[in-house]
Amino acid sequence: MKITVVGAGNVGATCANVIAHKELANEVVLVDIKEGFAEGKALDIWETSPINLYDTRTVGSTNDYTKTADSDVVVITSGLPRKPGMSRDDLISTNAGIVKSVTENIIKYSPDAKIIIVSNPLDVMTYVAYLSAKVDSSRVFGMAGILDTARYRSFLAEALDVSPKDIQAVLMGGHGDTMVPLPRYTTVGGIPVTELIDSEKLDAIVERTKKGGGELVNLMGTSAWYAPGAAAAQMVEAIVRDQKRVFPVCAWLQGEYGLKDIYLGVPVVLGKNGIEKIIELDLNAEEKALLDESAKAVKDVMDVFDNMNK
15 MKITVVGAGN VGATCANVIA HKELANEVVL VDIKEGFAEG KALDIWETSP INLYDTRTVG
75 STNDYTKTAD SDVVVITSGL PRKPGMSRDD LISTNAGIVK SVTENIIKYS PDAKIIIVSN
135 PLDVMTYVAY LSAKVDSSRV FGMAGILDTA RYRSFLAEAL DVSPKDIQAV LMGGHGDTMV
195 PLPRYTTVGG IPVTELIDSE KLDAIVERTK KGGGELVNLM GTSAWYAPGA AAAQMVEAIV
255 RDQKRVFPVC AWLQGEYGLK DIYLGVPVVL GKNGIEKIIE LDLNAEEKAL LDESAKAVKD
315 VMDVFDNMNK
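Structure (structure tokens):
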């Protein structure tokens, strides 16, 4: 088993580190354009193996994709991070070019790989990768919902003073301020969350979740990396171990939820074949309206990309 992570920055290195620690593959390849950067990060991670007691080898490469050949799963984190005052949409032109180039190189050497996109703006970069890869959409998808749901669940655990292990939640829509957390599908140890917290506090947590990425950018001056890296690694684990996990994932919709030709966050079954099933929830009118609003925001940015390439 071989896994490649493209982009050895904070998110990519964190993802590779988690994958190595969990021994999800025999080899993890880190790739970056900065000379020696991926090699250094990979060596640093490998030197933790005697301490953390794992066997996965981590190797680095400066833009040499031959080393990624025959990868089973590839995580693409490449691109510029967000800076304060910058929206995800501001990143589209530069990051689209990066994601297109990376995806083409990956497919050249690993034609059967499942591709997980982490680059922002997430939904549109997943669309870019899909167009560039020219493979079935079940093999190209984005990491957003797991991260957003983790933030939502962590905020709830704090507010309720309970273990985050016992909180399950569904979150849909685009990765950004129009995401749609679904309190109706949120439970704490099987108990509907609405029975444990008043609506005002819950609404505040939902709003904080929507702006969770921006909160961290404002605090640190750059994007988050521990949670995004771990979230991407969790998707890798579901695939390589064929766990059939039910996760919110950025997937290509072809009529589901009344939406077509769009990458959007929805619950799916994730296993060895990538997206094995898209789950259609019975949304009420309010939830469907919020999802449609989020879809429109994503489609607007997709249109910006499409118009760039006409």
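Just so you know, the numbering used here puts 264 at position 250 of the sequence shown, and the rest follows in order with no gaps. Glycine included, each C-beta is placed from N, C-alpha and C at the ideal position. Keep in mind that this is a model prediction, so the values were computed, not measured.
Taking 7 Å as the threshold (C-beta atoms), are residue j and residue i in contact?
| i | j | result |
| --- | --- | --- |
| Val-138 | Lys-81 | no |
| Tyr-123 | Ala-83 | yes |
| Asn-24 | Ile-47 | no |
| Val-154 | Tyr-144 | yes |
| Val-202 | Asp-180 | yes |
| Lys-128 | Gly-269 | no |
| Val-250 | Val-87 | yes |
| Val-89 | Ile-130 | yes |
| Thr-28 | Gly-243 | yes |
| Ile-219 | Phe-169 | yes |
| Pro-135 | Val-318 | no |
Quick one: what's got a C-beta closer than 7 Å to residue i's C-beta in the same chain, skipping five residues either side?
| i | result |
| --- | --- |
| Gln-248 | Ile-160 |
| Thr-192 | Glu-307, Ser-308, Ala-311 |
| Lys-274 | Leu-267, Gln-268 |
| Val-246 | Sequence check: residue 246 is Ala here, not Val. Within the same chain, Ala-246 has close Cβ partners Cys-29, Val-89, Ile-130, Val-132, Met-157. |
| Val-32 | Gly-243, Ala-244, Ala-247 |
Looking only at its own chain, which residues have a Cβ that is under 6 Å from the Cβ of residue i, when we skip the five neighbours before and after it?
| i | result |
| --- | --- |
| Ala-252 | Arg-259, Leu-284 |
| Lys-114 | Val-142, Ser-146 |
| Leu-230 | Ala-238 |
| Arg-71 | Glu-41 |
Rank the options by C-alpha distance to the C-alpha of residue i and give the top, closest one.
| i | options | result |
| --- | --- | --- |
| Lys-148 | Leu-136, Ser-133, Leu-170, Thr-117 | Thr-117 |
| Gly-188 | Leu-38, Tyr-240, Pro-262, Gly-111 | Pro-262 |
| Gly-21 | Asn-66, Arg-255, Leu-94, Leu-67 | Leu-94 |
| Leu-52 | Asp-69, Ser-92, Asp-86 | Residue identity differs from the one stated: residue 52 is Ala in this sequence, not Leu. Answer by Cα proximity: Ser-92. |
| Asp-296 | Arg-198, Asp-317, Ile-33 | Arg-198 |
| Lys-16 | Val-282, Ala-56, Glu-172, Val-254 | Val-254 |
| Thr-223 | Gly-279, Lys-313, Val-194, Asn-31 | Val-194 |
| Ser-213 | Gly-204, Asn-134, Glu-229, Leu-196 | Leu-196 |
| Val-280 | Glu-294, Trp-60, Leu-57 | Glu-294 |
| Asn-40 | Lys-55, Val-73, Thr-62, Asp-58 | Val-73 |
| Glu-290 | Asp-58, Gly-272, Asn-232, Ala-265 | Ala-265 |
Note down, in chain order, each residue of its chain lying with its Cβ closer than 8 Å to the Cβ of residue i, except the 5 sequence neighbours on either side.
| i | result |
| --- | --- |
| Arg-49 | A quick correction: the sequence has Glu, not Arg, at residue 49. Closer than 8 Å at the Cβ level, and outside the excluded window around Glu-49, lie Thr-76. |
| Leu-38 | Met-15, Ile-17, Thr-70, Ala-247, Val-250, Glu-251, Val-254, Arg-255 |
| Tyr-79 | Val-45, Asn-119, Ile-120, Lys-122, Tyr-123 |
| Ala-241 | Leu-161, Ala-164, Arg-165 |
Is it the case that the segment 294 to 311 contacts the segment 164 to 172, given that we only count it when at least three CB pairs across the two stretches are under 8 Å? no
Within the segment 135 to 177, note down every full beta strand (DSSP E) run reaching 3 residues or more, in order along the chain. 154 to 156
Tell me whether the segment 64 to 75 and the segment 107 to 117 touch, counting them as touching only if at least three CB pairs, one residue from each stretch, are closer than 8 Å. no
Give, in chain order, every unbroken run of the beta strand (DSSP E) that is at least 3 residues long and sits entirely within the segment 32 to 77. 41 to 46, 71 to 76
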